[in-house]
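For the sequence shown, full-length UniProt numbering begins at 1 and goes up steadily by one.
To start, the structure itself, in structure tokens.
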Amino acid sequence: MEVYEMSNDSAEVLSSDELLSIFKTVIMNSPDGIITVNEDGVIIFSNPSADRMLGYETLMGKKLMS
Numbered sequence: 001m002e003v004y005e006m007s008n009d010s011a012e013v014l015s016s017d018e019l020l021s022i023f024k025t026v027i028m029n030s031p032d033g034i035i036t037v038n039e040d041g042v043i044i045f046s047n048p049s050a051d052r053m054l055g056y057e058t059l060m061g062k063k064l065m066s
């Protein structure tokens, strides 16, 4: 997958690693809580805002609904 960023009439192709780094930074620094669960309802990812909002050090490994 290629992503182009336009600035000053020039195009820059971002590598997958660069794009992944950008997404990780956005998700980890988002003021909104972001949680990902697997098909069994177990949390496989939570960003720091989600952990803080729900009062846990980490939500990963916990069941979303019990």
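For glycine and all other residues, C-beta sits at the position ideal for the given N, C-alpha and C.
Quiz item: Which one of Met-65, Glu-39, Lys-24 has the shortest CA to CA distance from Pro-48?
Solution: By 1-based counting over the sequence shown, the position of residue 48 is 48. Measuring from the Cα of Pro-48, the nearest candidate turns out to be Lys-24.
Quiz item: Taking the C-alpha atoms as reference points, what is the distance between Lys-62 and Ser-15?
Solution: Within the sequence shown, numbered from 1, the residue matching residue 62 stands at position 62. Within the sequence shown, numbered from 1, the residue matching residue 15 stands at position 15. Taking the straight line joining both Cα atoms gives about 34 Å.
Self-check item: Through-space distance from Met-65 to Ile-27, alpha-carbon basis
Solution: Here residue 27 corresponds to residue number 27 of the sequence shown, with the count starting at 1. Here residue 65 corresponds to residue number 65 of the sequence shown, with the count starting at 1. Roughly 23 Å separates the two Cα atoms.
Quiz item: So Ile-35 and Leu-59 are in contact, right, with Cβ under 8 Å, and what is the actual spacing, rounded?
Solution: Locating residue 35 in the sequence shown gives position 35, counting from the first residue. Locating residue 59 in the sequence shown gives position 59, counting from the first residue. So it is a contact: roughly 7 Å between Cβ atoms.
Quiz item: Around the C-beta of Ser-46, are 16 or more other C-beta atoms found within 10 angstroms, so that it is buried, or is it exposed?
Solution: Start at 1 with the first residue of the sequence shown, and residue 46 comes out as number 46. By the 10 Å Cβ count, Ser-46 comes out buried.
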